[in-house]
Amino acid sequence: MLAALIAVTTFGAAVLCFILAEGLFDARTAQIAENHCHSAAPVPVMVSVLNGLATGMLLAAAVSLLCLLVLLCRYPSERNTVAVPLTALGLVASVLFMFGAGYETVRPEPASTGHNPCAFSSR
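So the sequence shown is residues 70 to 192, counted in this note's numbering.
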């Protein structure tokens, strides 16, 4: 039960960190829209910190869900018919979200802004 509590808490905190980082990143998107230059609007350090923190918390959530899954398979009960698929689904969602948050930490550029860097054409 402790593993489930850790997983839920860390996943919720990671989502909160990721939402805060996206909120801070919106100011940069507005700067890019004003001057059409990615390099004129640097990525705030806090965005990278929050995305990295979210990635770490999602890793902790994935590890705790994996521990919970092992415990559920090791000690069978009648609740396992529901608990095992839900835990496996949570594990997959946590890992995929972790990769997304990690990608945003490494490359925090919006993929669909529609602006060329500093208005130069890439063609």
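No residue lacks a Cβ here, since even glycine has one placed at the ideal position from N, Cα and C. Keep in mind it's a predicted model, so treat the numbers as computed, not measured.
Backbone CA spacing between residue i and residue j [nearest angstrom]
| i | j | result |
| --- | --- | --- |
| T124 | S117 | 10 Å |
| T174 | A162 | 18 Å |
| D95 | A82 | 20 Å |
| L71 | G92 | 32 Å |
| V112 | V151 | 43 Å |
| V84 | L122 | 10 Å |
| R143 | V132 | 16 Å |
| I88 | V164 | 17 Å |
| P145 | G171 | 35 Å |
Run of the alpha helix (DSSP H) containing residue i, from where it starts to where it stops
| i | result |
| --- | --- |
| R143 | 114–143 |
Beta-carbon proximity list for residue i, same chain, < 6 Å, skipping 5 on both sides
| i | result |
| --- | --- |
| L74 | none |
| T79 | M126, A129, A130 |
| C86 | L119, L122, A123 |
| N149 | L141 |
Proximal residues to residue i (C-beta, below 7 Å), its chain only, five neighbours per side dropped
| i | result |
| --- | --- |
| F166 | L127 |
| T156 | L134, L137, L138, L141 |
Cβ separation of residue i and residue j, assumed to be a contact under 8 Å, to the nearest whole Å
| i | j | result |
| --- | --- | --- |
| L134 | G159 | 5 Å |
| V153 | L141 | 5 Å |
| N120 | A76 | Incorrect: roughly 20 Å between the Cβ atoms, too far for contact. |
8 Å CB neighbourhood of residue i in its chain, flanking five on each side removed
| i | result |
| --- | --- |
| R192 | Caution applies to R192, whose pLDDT of 46 falls short of 50 and renders its modelled position unreliable; the model cannot decide the point. |
| M115 | A90, L93 |
Residue i beta carbon near the ligand NAD (any heavy atom closer than 7 Å)
| i | result |
| --- | --- |
| F87 | Among the components modelled here there is no ligand, and therefore nothing to report on the ligand NAD. |
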